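Shown next, in structure tokens, is the structure this report addresses.
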Amino acid sequence: TSVAAAVVAMQTQLRGTLQQISNSATQLAAAAEEMTAITEEGVQGIQRQNNEIDQAATAV
Numbered sequence: 190t191s192v193a194a195a196v197v198a199m200q201t202q203l204r205g206t207l208q209q210i211s212n213s214a215t216q217l218a219a220a221a222e223e224m225t226a227i228t229e230e231g232v233q234g235i236q237r238q239n240n241e242i243d244q245a246a247t248a249v
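See the structure below:
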């Protein structure tokens, strides 16, 4: 029975480890989505600045 108890304990620990991995993966995915949104905003800002520079250069 001690072997069976050890197997059950190992299964419990493995289940906990897999749950932690799943939680971490979920957090990582959320962080990646945020980074994507921030990057897209940055790109849009740069494009606006480029357009404004082009307009200023054309006006001169």
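Offset between the sequence shown (1-based) and the numbering used here: plus 189. Positions of the beta carbon are idealized from the N, C-alpha and C atoms, including for glycine. From a predicted model like this one, the values you see are computed outputs, not experimental measurements.
Taking C-alpha positions only, Gly234 is separated from Ala195 by approximately 58 Å.
In the three-state DSSP reduction, Val249 falls in the coil class, being neither helix nor strand.
Here Thr206 carries a helix assignment [DSSP, helix/strand/coil]. Rounded to the nearest angstrom, the gap between the Cα atoms of Ala214 and Thr201 is 20 Å.
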